[in-house]
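Protein chains in written order, with my numbering: chain A, 1 to 117; chain B, 118 to 231.
Think of the CB as a built atom: it goes at the ideal place given N, C-alpha and C, for glycine as much as any other residue.
Just so we're clear, the structure is a prediction, and the values are computed from it rather than from any experiment.
Take a look at the structure below.
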Amino acid sequence: AQTVTQSQPEMSVQEAETVTLSCTYDTSENNYYLFWYKQPPSRQMILVIRQEAYKQQNATENRFSVNFQKAAKSFSLKISDSQLGDTAMYFCAFMRYPQGGSEKLVFGKGTKLTVNP
Amino acid sequence: EAGVAQSPRYKIIEKRQSVAFWCNPISGHATLYWYQQILGQGPKLLIQFQNNGVVDDSQLPKDRFSAERLKGVDSTLKIQPAKLEDSAVYLCASSFLSSRDEQYFGPGTRLTVT
Numbered sequence: 001a002q003t004v005t006q007s008q009p010e011m012s013v014q015e016a017e018t019v020t021l022s023c024t025y026d027t028s029e030n031n032y033y034l035f036w037y038k039q040p041p042s043r044q045m046i047l048v049i050r051q052e053a054y055k056q057q058n059a060t061e062n063r064f065s066v067n068f069q070k071a072a073k074s075f076s077l078k079i080s081d082s083q084l085g086d087t088a089m090y091f092c093a094f095m096r097y098p099q100g101g102s103e104k105l106v107f108g109k110g111t112k113l114t115v116n117p
Numbered sequence: 118e119a120g121v122a123q124s125p126r127y128k129i130i131e132k133r134q135s136v137a138f139w140c141n142p143i144s145g146h147a148t149l150y151w152y153q154q155i156l157g158q159g160p161k162l163l164i165q166f167q168n169n170g171v172v173d174d175s176q177l178p179k180d181r182f183s184a185e186r187l188k189g190v191d192s193t194l195k196i197q198p199a200k201l202e203d204s205a206v207y208l209c210a211s212s213f214l215s216s217r218d219e220q221y222f223g224p225g226t227r228l229t230v231t
């Protein structure tokens, strides 16, 4: 079974600074997806960024980028120029590559990020 | 485009009572998911539907939980009888065709069992 570990329960950062959230995972699969989801205090979870394991290039979405280290099974999220609206729970998630069917998301326990003014 | 709708937003019941949650996915989305998110943990998939068929219900406690998706659109999740450990946020999500597509989440229903 796949597991996802987020070792930082809480983090804080000053507005406009950069912060990195850590995530490690355990799998014997070679093809899979990795995700970062954001859950603001209102609770609606939204997708921040997605990485396909076969792609060597790290995914980037505006101020959000990942550092994907496949051999180390590490998938960290970097938030640049942090904004107050980035305050939220961040969840790392894993999904095996679907092969003829559906696969489920496996989430970590989350990191609570607070952006201070 | 309207998002995933859920109701109620909050529910408080006593143990051994029953409760039902409702979810309306994004229009045109074939796949619907129910997750349980216990405080301090990430969401855990309970059941996944594709249209009105069950794709995965391996983590659904079937002795007390049931779910249906009539006509492949709306879905209800029921707990009967509830236990204290069922206190959690129940999230509904939908995706266009399958789990390969982005999942869009609803605001959730916070259940407290006393």
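Less than 6 Å between C-beta atoms, sequence neighbours within five positions excluded: which residues of the same chain meet that for residue i?
| i | result |
| --- | --- |
| P160(B) | Y152, Q154 and L208 |
| T231(B) | E131 |
| F68(A) | Q51, N58 and F75 |
| N141(B) | A122 and D191 |
| T3(A) | D26 |
| W139(B) | S124 and T193 |
| P40(A) | A88 |
| V206(B) | Q154, G225 and R227 |
Using the three-state DSSP reduction, which class does residue i fall into: helix, strand or coil?
| i | result |
| --- | --- |
| D218(B) | coil |
| L47(A) | strand |
| L187(B) | helix |
| G170(B) | strand |
| L201(B) | helix |
| L156(B) | coil |
| K84(A) | First, the residue type needs correcting, since residue 84(A) is Leu and not Lys in the sequence shown. Correct three-state label for L84(A): helix. |
| N31(A) | coil |
| E10(A) | strand |
| R227(B) | strand |
| E103(A) | coil |
| E17(A) | coil |
| K248(B) | The shown model of chain B, from 118 to 231, leaves out residue 248(B), and the question about it has no answer. |
| E131(B) | coil |
| V121(B) | coil |
For residue i, count neighbouring Cβ atoms within 10 angstroms of its own Cβ and tell me buried if that reaches 16, exposed if not.
| i | result |
| --- | --- |
| E52(A) | exposed |
| L105(A) | buried |
| V171(B) | exposed |
| S28(A) | exposed |
| Y127(B) | exposed |
| A1(A) | exposed |
| Y54(A) | exposed |
Compare the C-beta of residue i with all C-beta atoms of chain A and state if any pair is closer than 9 Å.
| i | result |
| --- | --- |
| P125(B) | no |
| D203(B) | no |
| G157(B) | yes |
| P224(B) | yes |
| T148(B) | yes |
| G120(B) | yes |
| L190(B) | The residue you asked about is not Leu; residue 190(B) is Val in the sequence shown. V190(B) does not count as touching chain A. |
| V206(B) | yes |
Here's a check: name, in chain order, each residue in its chain whose Cβ is nearer than 7 Å to the Cβ of residue i, leaving out the five neighbours to either side.
| i | result |
| --- | --- |
| Q176(B) | K161, L162 and L163 |
| P125(B) | T226 |
| Q134(B) | P198 and A199 |
Do we get a CB-CB distance below 9 Å when we pair residue i with the residues of chain B?
| i | result |
| --- | --- |
| L47(A) | yes |
| R43(A) | yes |
| A1(A) | no |
| G85(A) | no |
| A120(A) | The question about residue 120(A) has no answer here: the residues shown for chain A are numbered 1 through 117. |
| A93(A) | yes |
| K55(A) | no |
| V19(A) | no |
| V66(A) | no |
| K109(A) | yes |
| R63(A) | no |
So, for residue i: in the same chain, excluding its five sequence neighbours on each side, which residues have a beta-carbon less than 8 Å away from its beta-carbon?
| i | result |
| --- | --- |
| R8(A) | Here residue 8(A) is Gln; the residue named in the question, Arg, does not match the sequence. So the qualifying residues of the chain are L21, S22 and T111. |
| S215(B) | A147, T148 and Q167 |
| V234(B) | In this structure chain B extends from 118 to 231, so residue 234(B) is not present and cannot be described. |
### Task
Compile a chain-ordered list of the residues in the region 95–106 of chain A whose CB is closer than 9 Å to at least one CB of chain B.
For the region 95–106 of chain A, the residues whose beta carbon sits under 9 Å from a beta carbon of chain B are, in order, M95, Y97, P98, G101, S102, E103, K104, L105 and V106.
### Task
Using a Cβ-Cβ cut-off of less than 9 Å, give me the residues of the region 152–183 of chain B that come near chain A, in sequence order.
Legend: CB atoms of the region 152–183 of chain B lying less than 9 Å from CB atoms of chain A belong to residues Y152, Q154, G157, Q158, G159, P160, K161, L162, Q165, Q167, V172, D173, S175 and Q176.
Report task. Compile a chain-ordered list of the residues in the region 208–222 of chain B whose CB is closer than 9 Å to at least one CB of chain A. Result -> So the close ones are L208, A210, S215, S216, R217, E219, Q220, Y221 and F222.
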